[in-house]
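Protein chains: 2
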Amino acid sequence: MKAEIITIGDELLIGQVVNTNQAFIAQKLSEIGVRVGLMESVGDDIQEILDAFKVAWQRNDVVIVTGGLGPTHDDITKKAVCSFFDSDLVPNEEIRRHIEELVKKWNRQWGPTYEEQTLFPRKAKLVPNPIGTAGGMLFEEHNKYLFVLPGVPYEMKEMIEQSVVPFLASRNTGSVIRHLTLRTTGISESMLAAQLGDIDALLQGTKLAFLPSPTGVRLRITVYGTDVPSVENLLRETEQRIRSRVEKYIYGTNEEELETAIGKLLTERKLTIAVAESCTGGLLADKITDVSGSSNYFQQGLVTYSNKSKVEVLGVPSILLEQHGAVSKEVAEAMAAGIRRVARTDIGLSTTGIAGPTGATSVKPLGLVWVGYADAETTLAVRFQFGDGRRRVKERAAQAALELLRRKLLKLD
Amino acid sequence: MKAEIITIGDELLIGQVVNTNQAFIAQKLSEIGVRVGLMESVGDDIQEILDAFKVAWQRNDVVIVTGGLGPTHDDITKKAVCSFFDSDLVPNEEIRRHIEELVKKWNRQWGPTYEEQTLFPRKAKLVPNPIGTAGGMLFEEHNKYLFVLPGVPYEMKEMIEQSVVPFLASRNTGSVIRHLTLRTTGISESMLAAQLGDIDALLQGTKLAFLPSPTGVRLRITVYGTDVPSVENLLRETEQRIRSRVEKYIYGTNEEELETAIGKLLTERKLTIAVAESCTGGLLADKITDVSGSSNYFQQGLVTYSNKSKVEVLGVPSILLEQHGAVSKEVAEAMAAGIRRVARTDIGLSTTGIAGPTGATSVKPLGLVWVGYADAETTLAVRFQFGDGRRRVKERAAQAALELLRRKLLKLD
Chain A
1 MKAEIITIGD ELLIGQVVNT NQAFIAQKLS EIGVRVGLME SVGDDIQEIL
51 DAFKVAWQRN DVVIVTGGLG PTHDDITKKA VCSFFDSDLV PNEEIRRHIE
101 ELVKKWNRQW GPTYEEQTLF PRKAKLVPNP IGTAGGMLFE EHNKYLFVLP
151 GVPYEMKEMI EQSVVPFLAS RNTGSVIRHL TLRTTGISES MLAAQLGDID
201 ALLQGTKLAF LPSPTGVRLR ITVYGTDVPS VENLLRETEQ RIRSRVEKYI
251 YGTNEEELET AIGKLLTERK LTIAVAESCT GGLLADKITD VSGSSNYFQQ
301 GLVTYSNKSK VEVLGVPSIL LEQHGAVSKE VAEAMAAGIR RVARTDIGLS
351 TTGIAGPTGA TSVKPLGLVW VGYADAETTL AVRFQFGDGR RRVKERAAQA
401 ALELLRRKLL KLD
Chain B
1001 MKAEIITIGD ELLIGQVVNT NQAFIAQKLS EIGVRVGLME SVGDDIQEIL
1051 DAFKVAWQRN DVVIVTGGLG PTHDDITKKA VCSFFDSDLV PNEEIRRHIE
1101 ELVKKWNRQW GPTYEEQTLF PRKAKLVPNP IGTAGGMLFE EHNKYLFVLP
1151 GVPYEMKEMI EQSVVPFLAS RNTGSVIRHL TLRTTGISES MLAAQLGDID
1201 ALLQGTKLAF LPSPTGVRLR ITVYGTDVPS VENLLRETEQ RIRSRVEKYI
1251 YGTNEEELET AIGKLLTERK LTIAVAESCT GGLLADKITD VSGSSNYFQQ
1301 GLVTYSNKSK VEVLGVPSIL LEQHGAVSKE VAEAMAAGIR RVARTDIGLS
1351 TTGIAGPTGA TSVKPLGLVW VGYADAETTL AVRFQFGDGR RRVKERAAQA
1401 ALELLRRKLL KLD
C-alpha cells in the first residue's frame, strides 16, 4: 500500500507551527508496512486543497488528510472534501449524541458551532473522535481510502491509533516492516558509533539510524521482509549485538522514557525518593510525576530557587553557600542529603547550576550543573557542562539527574 | 513572490524525524513577504525528486530545496538537480579551499568524500555554507530562483539567514504580509467565536485563524497588501476590534507565554510568589522558572505529593484532608495559604487534583482540579474539570493556575 499525507493549515505555511502530525502519522503507517511516498502541507484555500486531493487520490492507495475540521470560519476541509467526492452534508445522530455528551461533561452551552459539527458527509463513514467534537471521515472507492482527521494532535493521534491503523493493517498484507528503538543517554553520537564498531558486522543487512537529541541518542533498528517471524528474528539478533556493546547506556526501548524506567526500578526495590531542585526549577519533579503510580515512591519535591530557602528548608549550611557558592559540589551534596532528611526518604536527588542566560562567571560558565545524590551509605555530586539555552540546560540537567539515579540503582559505574 | 519548500529524505517519510526545517524556512520567507503556497517532503528517490522539482518550478517564483547534499551514497540531491537543469559538475576552487580549512580545523584526514564535495554544478552560483562542507546552490532562470541547501538544521539556518533571505528580500518588492497572534486562555474555541460575533464585521477583509491547543486558543490575524503603513494600520485596527470583545482572555502576543506575561506583572509590582503543587507535580514551578529573571520574584516551590508532606511542610490541617480529601477546595486554599506563610511571599499558589489514570471516584472524576490562591487579603480556590490524559491534565492545570494569578494581578473578575 502506498500512502500520501496532506496536512492543511495556513499556520504551517507561515511557519508558526512545526508539523509534528506528519511524522507521527508516517511512523504509524510505516510500522504496519504502509509506505509513505510524499507528505504535503497546503494552506486554508479550497482550490489548493482540491488540487492536492486530486493528485494524491490518483497516485495512492491511502490518503490521510488532517486539519481544518474545527467549528470556525477558517476550517474549510469538510467543504473541500464534500466538493471533491460530490457529497452533501446530512445531520448525523451518532455525532450529535457524542457532542451532547462532551458538552455536558465540559459544562458548556450548546451553540451554533456544535450544531454545525453534527453535519456529516453522506458518502463518508464516521471515524470516531473520542475526545473532541470534530468527527473523522473515511471515504472509500475501489479499494482506495481517504481519511480526514482533525489537526489537533491529541485528537488525531487517538484516532490514528484507535481506528486508522487497525483498519489499514487488516487490509495491508504481504509486506512487513518492524522497527525497534533503543534509547541511550549520557553518551554522544560519535562515542556511541565508536563503541558499536564495524557497522556491517553489526547490522548484517538490517538498518540502523542514529537519532540524537539534547537528552540522548536513540538507536532505531529497521527490518523489512515478507513474513513476521523472520523479520522479528532478525530484529532481535541485531538488538542483541547492539546491547552486547553498549548495554549500560540503554535505559529503555521505543517510547519508554527514563522516568518510567526509574519508576519501575524504585517500585521493584520498594524505595522512596525526594528531590531538591535549583536550576531545573521543578522540571525534575515534573518528569518523575509524569509517570502514573509515581505517588508510591515520590514523596516530595522542593524548588529552592533562593539561597534563603536552601538554608531554611533544606538546612544547607550558609557557610557552604558563602565559601563555594550555590553552584558547587558541596551545595549539591548538602541539598541531596537535606531533602532526604527532610522528606525522610531512602534517596535524595538535587540539581544546582547556571541555566542562563545570566549568572555565568569566568570560573562558573553558562550550563555548569552539579547533580547531587544521597542514600543511606553515600552522598556525592557529579559535574556536568551543558552549554547554553535556558530550556535546554534544564532538560539536560533533569535527564542527567535521572540517569545518575538509574546508574546508582543498577550499580553501574 | 510565491514559494514552495521541498524537503528531501527517507527519514521524514517514515516519521523518524520531525520536520523543523520547513517551519523555519516558511517563517523566514513569510517575514520578508514571500508567500509559501506549498511544502512537500519526498524520499531519497531520484524520479520522485525530479517530479517534485518539475511541478514546483512551473508554479512558483522561488523553490527552496533542503536535504540529500551529504557525502554518502543515499545523498542524491546534487545528481537530481544537475539532471533537472541539464548541468554538469565541475571542480570548484572556492569550495575546495573552504573544505580544506574545515578539515584542518577539525583535525581530520582529507578523503574521497571531501573530494566529491568539491564538485559543483556549472550552472549554479555558490551559496556559502560557513559551518559545513556541503556548498549550497542557486539556480536562476527568467527571474525564478531555486536554492538547494543541506538538511542539517544549523547549517541550513545559517545559510537561510546569511544568504537566502537578504537575496530574496532585495528582489521581492511590492508585496507585504504582516501577522499578529493574540494568545488567549481559559475560553474554548467555540465560546471565543461566539464572543467575537459577526466575523465579516470583525475582520473587514483581514484574515483570522483560530489555533486551539490544550492550554488555550491563539488568534492569528493576517493582512496582505502592497505598502507597509496601510498593512500595519489594518492589522492594528483588527487587533483593536478583537481586543474590545475578548480583551480579558488575551494574555500575550506572538510567542509570549503566559509565564512571561506573569513575570512582567510580578516584576512591575515588586511582588514575590511561591507555589505548592500536588497534581501538577512540579510543572507549575518549571514553567515559572523557564523565564529568565524569575529568581527575582519566584522564591520557592513545593511538590507535596503525599498527604504527609502537605501536613508537615505546608501545615495543612489533617482534619481538612480527612473531612474533604486532598482534592478539595479546603485543601487547595490551605496549601496556597501554607506556602505563602512558609516561603514568606506576597502570593501563594497551589494545585491539587486527579491527573489519572487512577484515583478517580464517582464524586471526584478524572481531571478534577482545584487551584488555590492566597495573598494578604484573600484566600480562595477555583474548580476545574479537565477530562483525561495525565500529561494534558498537568498542562492544563498549570496553565489555569498561572491564568488565575494573572487575573488576580489585573483584578479581572
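Those sequence lines, one after another, are chains A and B.
Residue 413 is where the first sequence ends in this note's numbering, and the numbering goes up by one at each step.
Residue 1413 is where the second sequence ends in this note's numbering, and the numbering goes up by one at each step.
A virtual CB, placed ideally from N, CA and C, is assigned to each residue, including glycine.
Hey, out of the options, whose CA is closest to residue i's CA?
i, options, result
"residue 70/A", "149/A, 182/A, 325/A", "149/A"
"residue 1350/B", "1213/B, 1045/B, 1328/B", "1328/B"
"residue 1280/B", "1223/B, 1023/B, 1369/B", "1369/B"
"residue 377/A", "388/A, 408/A, 105/A", "408/A"
"residue 80/A", "58/A, 48/A, 60/A, 62/A", "48/A"
"residue 1133/B", "1325/B, 1040/B, 1102/B, 1319/B", "1102/B"
"residue 1401/B", "1021/B, 1129/B, 1259/B, 1241/B", "1259/B"
"residue 126/A", "90/A, 399/A, 390/A, 152/A", "90/A"
"residue 1226/B", "1384/B, 1158/B, 1178/B", "1178/B"
"residue 379/A", "333/A, 391/A, 371/A", "333/A"
"residue 1296/B", "358/A, 319/A, 180/A", "358/A"
"residue 1253/B", "1206/B, 1242/B, 1181/B, 1270/B", "1181/B"
"residue 1017/B", "1317/B, 1045/B, 1037/B, 1152/B", "1152/B"
"residue 1288/B", "391/A, 131/A, 138/A", "391/A"
"residue 60/A", "320/A, 36/A, 236/A, 393/A", "36/A"
"residue 1044/B", "1064/B, 1308/B, 1014/B, 1317/B", "1014/B"
"residue 158/A", "144/A, 135/A, 173/A", "135/A"
"residue 1092/B", "1066/B, 1299/B, 1122/B, 1084/B", "1122/B"
"residue 115/A", "1190/B, 1303/B, 1250/B", "1190/B"
"residue 1129/B", "1406/B, 1147/B, 1335/B", "1147/B"
"residue 1038/B", "278/A, 56/A, 12/A", "12/A"
"residue 1365/B", "1117/B, 1119/B, 1355/B, 1206/B", "1355/B"
"residue 1164/B", "1034/B, 1399/B, 1299/B, 1222/B", "1034/B"
"residue 1062/B", "1112/B, 1303/B, 1171/B, 1120/B", "1171/B"
Determine the burial state of residue i: buried for a count of at least 16 other Cβ atoms within 10 Å of its Cβ, exposed for fewer.
i, result
"residue 1002/B", "exposed"
"residue 175/A", "exposed"
"residue 412/A", "exposed"
"residue 200/A", "exposed"
"residue 1212/B", "buried"
"residue 1161/B", "exposed"
"residue 1105/B", "exposed"
"residue 142/A", "exposed"
"residue 1124/B", "buried"
"residue 166/A", "exposed"
"residue 1183/B", "buried"
"residue 194/A", "exposed"
"residue 1108/B", "exposed"
"residue 1410/B", "exposed"
"residue 385/A", "exposed"
"residue 1005/B", "buried"
"residue 286/A", "buried"
What are the residues in the segment 1145–1176 of chain B lying within 7 Å of chain A by C-beta distance? Within the segment 1145–1176 of chain B, no residue qualifies.
Members of the segment 58–77 of chain A that neighbour chain B once the beta carbon cut-off is set at 9 Å: Those residues of the segment 58–77 of chain A that come within reach of chain B (Cβ to Cβ, closer than 9 Å) are 70, 71, 72, 73, 74, 75.
Just by C-beta distance, which residues in the segment 392–404 of chain A are closer than 8 Å to chain B? Using a CB distance below 8 Å, the part of the segment 392–404 of chain A facing chain B consists of 394, ordered along the chain.
Cβ pair count under 8 Å reaching 3, the segment 341–360 of chain A against the segment 268–284 of chain A: Verdict: yes, contact present.
May I have a chain-ordered list of the beta strand (DSSP E) segments no shorter than 3 residues that lie completely inside the segment 1128–1187 of chain B? Complete beta strand (DSSP E) runs here, min 3: 1136–1141, 1144–1149, 1176–1184.
Please determine if the segment 74–84 of chain A and the segment 94–103 of chain A are in contact, where contact requires at least 3 C-beta pairs separated by less than 8 Å. Short answer: they don't touch.
Give the residues from the segment 223–237 of chain A that approach chain B closer than 9 Å (Cβ to any Cβ), ordered along the chain. Within the segment 223–237 of chain A, no residue has a Cβ that lies closer than 9 Å to any Cβ of chain B.
Taking beta-carbon pairs under 9 Å, can you tell me which members of the segment 326–357 of chain A lie near chain B? Of all residues in the segment 326–357 of chain A, only 342, 343, 344, 355, 356, 357 place a beta-carbon less than 9 Å from a beta-carbon of chain B.
Pair every Cβ in the segment 1024–1044 of chain B with every Cβ in the segment 1201–1220 of chain B, then say whether three or more of these pairs are closer than 8 Å. These segments do not touch.
What residues from the segment 1082–1112 of chain B come within 8 Å of chain A, judged by C-beta to C-beta, listed N to C? Contact annotation: in the segment 1082–1112 of chain B, no residue has its CB less than 8 Å from a CB in chain A.
Return the residues of the segment 284–307 of chain A that lie within a Cβ-Cβ distance of less than 9 Å from chain B, sorted by chain order. Taking a C-beta cut-off of 9 Å against chain B, the contacting residues of the segment 284–307 of chain A are 284, 285, 286, 287, 288, 289, 290, 291, 292, 293, 294, 295, 298, 299, 300, 301, 302, 303, 304, 305, 306, listed in chain order.
Taking Cβ-Cβ distances below 9 Å as the criterion, which residues of the segment 11–29 of chain A are in contact with chain B? Residues passing the 9 Å Cβ filter: 11, 12, 13, 14, 15, 16, 17, 18, 19, 20, 22, 23, 24, 25, 26, 27, 28, 29.
Mind listing which residues of the segment 1194–1210 of chain B have their C-beta closer than 8 Å to chain A's C-betas, in chain order? Against chain A - using a Cβ distance shorter than 8 Å - the residues of the segment 1194–1210 of chain B are 1194, 1199, 1207, 1208, 1209, 1210.
Sequence ranges, alpha helix (DSSP H) only - wholly within the segment 1206–1254 of chain B, length at least 4: Runs of the alpha helix (DSSP H) inside the segment 1206–1254 of chain B: 1228–1246.
When you check each C-beta in the segment 1372–1389 of chain B against every C-beta of chain A, which residues fall closer than 9 Å? Contacts with chain A (Cβ-Cβ distance below 9 Å) from the segment 1372–1389 of chain B involve 1385, 1387, 1388, 1389, listed in chain order.
Any 3 or more C-beta pairs closer than 8 Å across the segment 195–210 of chain A and the segment 241–249 of chain A: Because the criterion of three Cβ pairs below 8 Å is met, the segment 195–210 of chain A and the segment 241–249 of chain A touch.
For the segment 237–252 of chain A, which residues have a CB atom closer than 8 Å to at least one CB atom of chain B, in sequence order? Only those residues of the segment 237–252 of chain A whose C-beta falls short of 8 Å from the nearest C-beta of chain B would be listed, and there are none.
Does the contact criterion of 3 or more C-beta pairs under 8 Å hold for the segment 310–322 of chain A versus the segment 260–268 of chain A? The segment 310–322 of chain A, when compared against the segment 260–268 of chain A, does not touch it at the 8 Å Cβ threshold.
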